[in-house]
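Note sheet for the following structure.
There are 4 protein chains.
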Amino acid sequence: FSEPRTVVLAYSGGLDTSCILVWLKEQGYDVITFLANVGQDEDFKAAKDKAETLGAKKVFIEDVRAEFVEDFIWPALQANAIYEDRYLLGTAIARPCIARKLVEIARREGAQFISHGATGKGNDQIRFELSCYALYPEVKVIAPWRIPEFYNRFKGRKDLMEYAQKHGIPVPVSPKAPWSMDANLMHISYESGILENPKQHAPADLYMMTKNPEDSPNSADVLEIEFKNGRGNHGVGRIDIVENRFIGMKSRGIYETPGGTILLKAHLDIETFTMDKEVRRIKQGLGIKFSELVYNGFWYSPECEFVRHCINKSQENVEGKVQLSIFKGQVYILGRESPKSLYNEELVSMDVQGDYDPCDASGFIRINAVRLASPQPAQSSLSMELF
Amino acid sequence: FSEPRTVVLAYSGGLDTSCILVWLKEQGYDVITFLANVGQDEDFKAAKDKAETLGAKKVFIEDVRAEFVEDFIWPALQANAIYEDRYLLGTAIARPCIARKLVEIARREGAQFISHGATGKGNDQIRFELSCYALYPEVKVIAPWRIPEFYNRFKGRKDLMEYAQKHGIPVPVSPKAPWSMDANLMHISYESGILENPKQHAPADLYMMTKNPEDSPNSADVLEIEFKNGRGNHGVGRIDIVENRFIGMKSRGIYETPGGTILLKAHLDIETFTMDKEVRRIKQGLGIKFSELVYNGFWYSPECEFVRHCINKSQENVEGKVQLSIFKGQVYILGRESPKSLYNEELVSMDVQGDYDPCDASGFIRINAVRLASPQPAQSSLSMELF
Amino acid sequence: FSEPRTVVLAYSGGLDTSCILVWLKEQGYDVITFLANVGQDEDFKAAKDKAETLGAKKVFIEDVRAEFVEDFIWPALQANAIYEDRYLLGTAIARPCIARKLVEIARREGAQFISHGATGKGNDQIRFELSCYALYPEVKVIAPWRIPEFYNRFKGRKDLMEYAQKHGIPVPVSPKAPWSMDANLMHISYESGILENPKQHAPADLYMMTKNPEDSPNSADVLEIEFKNGRGNHGVGRIDIVENRFIGMKSRGIYETPGGTILLKAHLDIETFTMDKEVRRIKQGLGIKFSELVYNGFWYSPECEFVRHCINKSQENVEGKVQLSIFKGQVYILGRESPKSLYNEELVSMDVQGDYDPCDASGFIRINAVRLASPQPAQSSLSMELF
Amino acid sequence: FSEPRTVVLAYSGGLDTSCILVWLKEQGYDVITFLANVGQDEDFKAAKDKAETLGAKKVFIEDVRAEFVEDFIWPALQANAIYEDRYLLGTAIARPCIARKLVEIARREGAQFISHGATGKGNDQIRFELSCYALYPEVKVIAPWRIPEFYNRFKGRKDLMEYAQKHGIPVPVSPKAPWSMDANLMHISYESGILENPKQHAPADLYMMTKNPEDSPNSADVLEIEFKNGRGNHGVGRIDIVENRFIGMKSRGIYETPGGTILLKAHLDIETFTMDKEVRRIKQGLGIKFSELVYNGFWYSPECEFVRHCINKSQENVEGKVQLSIFKGQVYILGRESPKSLYNEELVSMDVQGDYDPCDASGFIRINAVRLASPQPAQSSLSMELF
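Protein chains in written order, with the numbering used here: chain A, 617 to 1003; chain B, 617 to 1003; chain C, 617 to 1003; chain D, 617 to 1003.
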């Protein structure tokens, strides 16, 4: 081709994607960089300058925090989204947010290629690329860490440093933390490096988003729930887990999600207070499905769209206030109230009979026992178990 | 009948079941009392004397703590049993343990009747009776709080007190707590009374099994997991929820489950470490089913027996050690190790390629995108959503 | 009360509900009868006259066929609703249709009571009553077959006949079929009587809605799907099953659902043709839930409303034509076409490579094998199984 | 390498795998062929001679019919395995059976490679290879239809024919059917070619395993279920569907599964007759999971092994006899009996009260209505829907 091909690179400003920027130029691409502000702690101006210096044809930095909250965090909260019972999916929901903007820029700029610096063993490559393919089916993805010419040339950090020095890429002066991080306004994740040994405890100074509970205030904060940006004073939301990646490996991750954890606990509480129990059972199953889909990168899939629609429907009456206390790493629900409450104090009261006939319960129990009390073959084992 | 009918009464030693004991005698029954030691804080000797004084024909007090742990707590732990995302089912699993012994005594003593003091609006009546009907299909249950002659006669505590005084039943000297409790070695639950207002915060002095986190030690305990009797020094395991009873009411409960909470978190961790991810997905669904069944009183049902069997099968390789820290109401997982680990440090390492070809991920992602990237009707809405 | 209480009776015109009509009058009620035309073969004029003769204060006969199809059959079809893998729920979906009209009349006429002739062991009592309580929470239900004074007085058909003769109720001249039936435009069910022996084959002359396949035409009808009233010339839709009632008994039912069966098979076909596979997986689970809810009588429940909403959403692109052949009791799908098809002939063709790189499948398979090929503890049992 | 590498080729005797055999030799491999007898109609002697003539180093033909039935068909039957509501998985369960033997031979013969002739767009490549990787993690798979040098050389049947003539491979004299087939003792599948147009009806002479229902006997066969080899005289078991492949394409398949269909219907019947309803609900979900796993090629996975174990457990009491009639393409259940029946004729009888108190149903219904009858926000929409 005489005409140069254009690639939009998801650029972080760090060593890896700076080297990728230069390498893509070497391969003959015009490179446009895109850096999303999802609330991470970053010198965006410096990153912009760096990309321009390194020869990016255009440099986009966009603040997507509002849509991150609106279109991604709220749906995840509605779903009580948790992967494998513990991980609140802070990175997994940021990826489709970033990818959507990436695609928007690529389409607008007429770029046929998208590139990123995600590794070949992780989940993020999948989350980025499935999002891109879904939203821009004709796009071609360039994933250098899966291209032999790239990963054989850059076998370790040392190779990247040498390449950086040779090509005028500013080299980080402070030593790299011995793990990798991903941060946004909802959470920070920590993985790899010394954390790859699952028995190795996390160093005390690893956590950046939450105070150490031992150093946190000696008195609780009592709140009615407020939706703020999620910086945490009380050490809430730290977890350390071994989880299952989509590609079939177990990996160890450490996460801190202070605001998200508080919101989740509050949402769980108000949801049970205002939602019919059988609707909630069904919705709980959909929430587990949603969490898997999002973790695996299928945000922009027909099934995830369908599940989001259903979960959203389930939330119509989920409103009210939750009072809670936050103290030393823990969230305590104290009380709740709602104009849409399905709680009926008179009905449930042990002191008032209300519009409830206790005799009905006898029939209810006996009918439920019809199936259990039959002198049937299946029961014989129970009898044996008994004596 | 000239021959007296015999009833085995689940006796607590308290005012209610003492009145029931005497009332059953009034109705012409021979009353045998049974009090199970499931680890609650109780003066069993005093209860025994009281029952005998009140005219019980026989008085049984049995220590079922070992079988409670062995046959009920362990299966619940294997299931990661949680009802409606929060309640660890400490009362729900004690009921079938007690009922099994009740039935054993009733059969041995030739009693055709079983009685209990559970109310007509709660879950425990169901748990007791379904267990009894399943294990002793011919039994007749006498639930005074559902019998009009009884509940119309005893409309409040005052009526019970008067009846007690009239019939020589010792009346409690200290005033009753303004809520009801159920305790065993795994947990204490608090409900009713002033707690029936879901907005009302729990009084600070309500909790009996855990220290207030604010008063708990200022340094963490670091453990390798140990299976102890579950008294909690660190304020771990307090929850306050509105939950859905089987009979269709929402009720508010406060629970403390210190040891159970620690064990659950540790079990979750070692399970993900040693269990295949797809087995775990299926097992997670079975665990949710198990929790509902147990909450609703179906421990002795063919389906619960089936689910327990399946969950038990899933645990064959779940072994290893979890290191954790307990501090101020929270449990922190620090690390884990296992001879049955499915974690493959070399495979997952970002620093070592191992026996893994990153190019494979490209094909994996593209095949997963086949369905998403088609220019199909279903995608049109996504495109619209995008711009 | 000096003022008479008013009851709306779901009246069939048969012996049972005629006796109930008179009996309710004996108990001092003003009786309004309601007979719904859901497409059954009935002399509605005769039933009207009969009810008036027997002293009904008002007699309502309403044609609800259109709303039965629109509001009940179509949602069930969308759900591919089948109970326990076989029963198409023809009676279960008619009950909430009839109950809705019953409630409408009761409210309009200021009646505080509703009555029906369903037995105390069946599903229909539950379906009627849950519908009534949901739509008219203050209503009182009178179910004579569960009232000792009634069922002890009428222990068999002979007692009813005597009562009928004594009270001028016309007595059926032709002997009753030795089973009971329920018919509507979608199906006929047969149960009880000689069918209670599950080994006893159904008599050849039992079926009224479908021709015996042996006597059916010797050439097939080839259709593009048409939505007609469901009378069947080809013997399609007969089943004989033992099913599980909500109240925990197994019962034997024989059903014929000619049109419904054809529609179901056609709908299954066009659905898979036009719906994303993962959406369909989720929707399949919701359909099973829907079927249970409807069978158990929970049409008017928050959860059934929620599930119907979700299923309805899933059907947005389910349109097209299905060609099928009907012959001797069987439906054969021949072909299908749709403007919303997700079938991509070029993509799937074995003769054209299309926009598909077969190499991708290698990566896809190897990544899927990462989890399976690890030399892990779990695999040892497989190896043992192998040799 | 001076030492030749050995590959075991899954050989069918047809044109494709004969060409692959020779092509593999061209690439320098020692080729061992393996042809499994899974009940297909094949001249095994001729296939053996052909492979030897073409230079196979060793030729294995093994009769795996007994283990196919024992280890694969029976578990699928226990699961009532059906993919996407219709396909009985006749091919999907044969693949792991064949692969297991392939691996056994490869290990015994010290072969490091396995090869097959499955295409790059289908399911069978996945089923073969996941099975091989699971059972023989170190194996390398050679899939020529995914290797550019191969598929670019053989772009159509014409290229294969030319290659065959050039290398002395016998060329089929009769023209190839315009679709592809896969047959075993359970079923035959037909796909591709002219069937790729989903609107195109299947030709009448396509079906080889079942008589055309129009030509089938004019009288029914009445059986008690027998487990025979599944050739069908009555046209039972034909289906025509569009299904979803694992790789995300929809494809059209036509299947005939005469014996399997009869067995499935009989098994469904006896299962409901002898299995508790709630156990069956859970087992039904596991059966759907099993079907997906098997369709997608995960027979030898921890999760499929787990699900098979659970399903097998559920079948402990599933025994008895089913009487059925087979006529013109349809199976009719006539009656059933079992020593393990959970059907209680007295309990269910409308003519006998038995040990059942109809009053209990009143309480049962009213308690079930507690949640529905509350004058709650969620109900308002229902009320609106009503009027």
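Every residue, glycine too, gets a C-beta built ideally from N, C-alpha and C.
Under 8 Å between C-beta atoms, does N845/C make it to chain B?
-> Working through the third sequence from its first residue, we reach residue 845/C at position 229. Per-residue confidence for N845/C stands at a pLDDT of 35, beneath the threshold of 50, marking its modelled position as unreliable; no derived number is given.
Secondary structure of M777/D, DSSP reduced to three states | Within the fourth sequence, residue 777/D is the residue found at index 161, counting from 1. If DSSP states are grouped into helix, strand and coil, M777/D belongs with the helices.
Within the same chain, show all residues whose beta-carbon is closer than 6 Å to that of K956/D, passing over the 5 residues directly before and after it, in chain order.
-> Within the fourth sequence, residue 956/D is the residue found at index 340, counting from 1. Cβ within range, chain order: T890, N933, E935.
Determine, using beta-carbon pairs with one atom in the region 911-924 of chain C and one in the region 953-971 of chain C, whether at least three such pairs fall under 8 Å.
-> Look at the beta carbons and you see the region 911-924 of chain C not touching the region 953-971 of chain C: under three pairs across the two are nearer than 8 Å.
Kindly indicate which three-state DSSP category K881/B falls into: helix, strand or coil?
-> Translated into the one-based positions of the second sequence, residue 881/B becomes position 265. Helix at K881/B.
State yes or no: is the beta carbon of L958/C nearer than 8 Å to at least one beta carbon in chain D?
-> Against the third sequence, residue 958/C aligns to sequence position 342. Interface residue (Cβ-Cβ distance to chain D less than 8 Å): L958/C is classified as such.
Quick one: does C926/D have its CB under 8 Å from some CB of chain B?
-> As a working mapping, residue 926/D is identified with position 310 in the fourth sequence. By this cut-off, C926/D is an interface position.
Closer than 7 Å, Cβ to Cβ, to anything on chain E: give me those residues from the region 950-981 of chain B, in chain order.
-> Among the protein chains in the structure shown, which are A, B, C and D, there is no chain E.
Cβ contact check for the region 804-822 of chain D and the region 868-888 of chain D: 3 or more pairs under 8 Å = Three or more beta-carbon pairs separated by less than 8 Å link the region 804-822 of chain D to the region 868-888 of chain D, which places the two stretches in contact.
Please decide whether G945/C counts as near chain D, where near means a Cβ-Cβ distance under 8 Å.
-> To locate residue 945/C, count along the third sequence from 1; it is residue 329. Chain D, which has a Cβ nearer than 8 Å to the Cβ of G945/C, makes this yes.
Using a Cβ-Cβ distance under 8 Å, would E668/C count as near chain A?
-> As a working mapping, residue 668/C is identified with position 52 in the third sequence. For E668/C, the nearest beta carbon of chain A is not closer than 8 Å to its own beta carbon.
Residue nearest to M777/A in terms of C-alpha spacing, selected from N768/A, V787/A, I636/A | Residue 777/A sits at position 161 when you count from the first residue of the first sequence. Ranking the options by Cα distance to M777/A, first place goes to V787/A.
Which term fits G772/B, buried or exposed, when burial requires 16 or more other beta carbons within 10 angstroms of its beta carbon?
-> Here residue 772/B is taken as the residue at index 156 of the second sequence, counted from 1. G772/B should be labelled exposed.
Three-way DSSP call (helix, strand, coil) for L651/D in this model | The residue given as residue 651/D occupies position 35 in the fourth sequence. DSSP places L651/D within a strand segment (E or B) once states are collapsed to three.
Where L950/C falls: helix, strand or coil (DSSP) | As a position in the third sequence, residue 950/C is number 334, starting the count at 1. DSSP places L950/C in the strand class (E or B) of the three-state scheme.
Spatial distance of F729/B from Y752/B (CA atoms) = Taking the second sequence and counting its residues from 1, one reaches residue 729/B at position 113. Taking the second sequence and counting its residues from 1, one reaches residue 752/B at position 136. Distance between F729/B and Y752/B, taken at the CA atoms: about 10 Å.
Tell me, please, whether the CB atom of G864/B is closer than 8 Å to any CB atom in chain D?
-> Counting from 1 along the second sequence, the entry for residue 864/B is found at position 248. Taking 8 Å as the CB threshold, G864/B lines the interface with chain D.
By the criterion of Cβ-Cβ separation under 7 Å, what are the contact partners of P829/C in chain D?
-> Within the third sequence, residue 829/C is the residue found at index 213, counting from 1. Contacts between P829/C and chain D, judged by CB atoms closer than 7 Å, involve F943, K944, Q946 in chain order.
Which residue's Cα is closest to the Cα of L958/C: G903/C, V895/C, I981/C?
-> Walking along the third sequence from the start, residue 958/C turns up at place 342. Comparing Cα-Cα distances from L958/C to each of G903/C, V895/C, I981/C, the minimum goes to V895/C.
Coarse secondary structure for I841/A, derived from DSSP in three states = As a first step, residue 841/A is located in the first sequence; it is residue number 225 there, counting from the start. DSSP places I841/A in the coil class of the three-state scheme, outside both helix and strand.
Taking the runs of the beta strand (DSSP E) that are 3 residues or longer, which of them lie wholly in the region 892-979 of chain C?
-> Runs found: 937-943, 946-953.
Shortest alpha-carbon distance to A989/B belongs to which of Q656/A, V647/A, E745/A?
-> Along the second sequence, one-based indexing puts residue 989/B at 373. Residue E745/A is the option with its Cα nearest to A989/B.
Can you tell me the Cβ-Cβ gap for H783/C and V638/C, rounded? I've got them flagged as a contact below 8 Å.
-> Along the third sequence, read from residue 1 onward, the residue named residue 783/C stands at position 167. Along the third sequence, read from residue 1 onward, the residue named residue 638/C stands at position 22. Yes, they are in contact, since the Cβ atoms of H783/C and V638/C sit about 5 Å apart, within 8 Å.
A663/C, DSSP secondary structure in three states | The residue given as residue 663/C occupies position 47 in the third sequence. For A663/C, the three-state secondary structure derived from DSSP is helix.
Per-residue contacts from K905/A into chain D (C-beta, under 8 Å) = Walking along the first sequence from the start, residue 905/A turns up at place 289. Residues of chain D passing the Cβ test: none, with the nearest at roughly 13 Å.
By DSSP, does V986/C sit in helix, in strand, or in coil?
-> Taking the first residue of the third sequence as position 1, residue 986/C is located at position 370. Helix at V986/C.
Leaving out the 5 sequence neighbours to the left and right, which residues in its chain are closer than 6 Å to T633/B when beta-carbon positions are compared?
-> On the second sequence, position 17 is the one that residue 633/B refers to. Within the same chain, T633/B has close Cβ partners Y627, G733.
Can you give me the start and stop residues for the alpha helix (DSSP H) that Y767/A sits inside?
-> Stepping through the first sequence from its first residue, residue 767/A is reached at position 151. Where Y767/A is concerned, the enclosing alpha helix (DSSP H) starts and stops at 764-769.
Segments of 3+ residues assigned as beta strand (DSSP E) that fall wholly inside the region 690-778 of chain B | Counting whole runs of 3 or more residues, the region 690-778 of chain B contains the beta strand (DSSP E) stretches 729-731, 756-758.
Residue of I983/C, E830/C, P833/C minimising C-alpha distance to F862/A | Mapped onto the first sequence, residue 862/A falls at position 246. F862/A has its Cα closest to that of I983/C, out of I983/C, E830/C, P833/C.
Counting only beta-carbon atoms, is Q874/A nearer than 8 Å to chain B?
-> On the first sequence, residue 874/A is found 258 positions in, with the first residue counted as 1. This sequence places Pro at residue 874/A; Gln is not what is there. Taking Cβ atoms only, chain B never reaches closer than 8 Å to P874/A, which makes this a no.
Is R711/D buried or exposed, if buried means 16 or more other CB atoms sit within 10 Å of its CB?
-> Position 95 of the fourth sequence, counting from 1, holds the residue named residue 711/D. By the neighbour-count rule (16 or more Cβ atoms within 10 Å), R711/D is buried.
Partners in chain B for I898/D, counting only beta-carbon separations shorter than 7 Å | For the purposes of this step, residue 898/D is identified with residue 282 of the fourth sequence, where counting begins at 1. Chain B residues near I898/D: K905, E919, F922, V923.
On the premise that D856/D lies in contact with A820/D, defined as a C-beta separation below 8 Å, what is that separation, rounded to the nearest angstrom?
-> Here the question's residue 820/D lines up with position 204 in the fourth sequence. Here the question's residue 856/D lines up with position 240 in the fourth sequence. Here A820/D is actually not in contact with D856/D; their C-beta atoms are around 13 Å apart, not less than 8 Å.
Under the three-state DSSP convention, the category K782/C falls into | Stepping through the third sequence from its first residue, residue 782/C is reached at position 166. Three-state result, K782/C: helix.
Is L625/D helix, strand or coil when you go by DSSP?
-> Translated into the one-based positions of the fourth sequence, residue 625/D becomes position 9. Strand, per DSSP.
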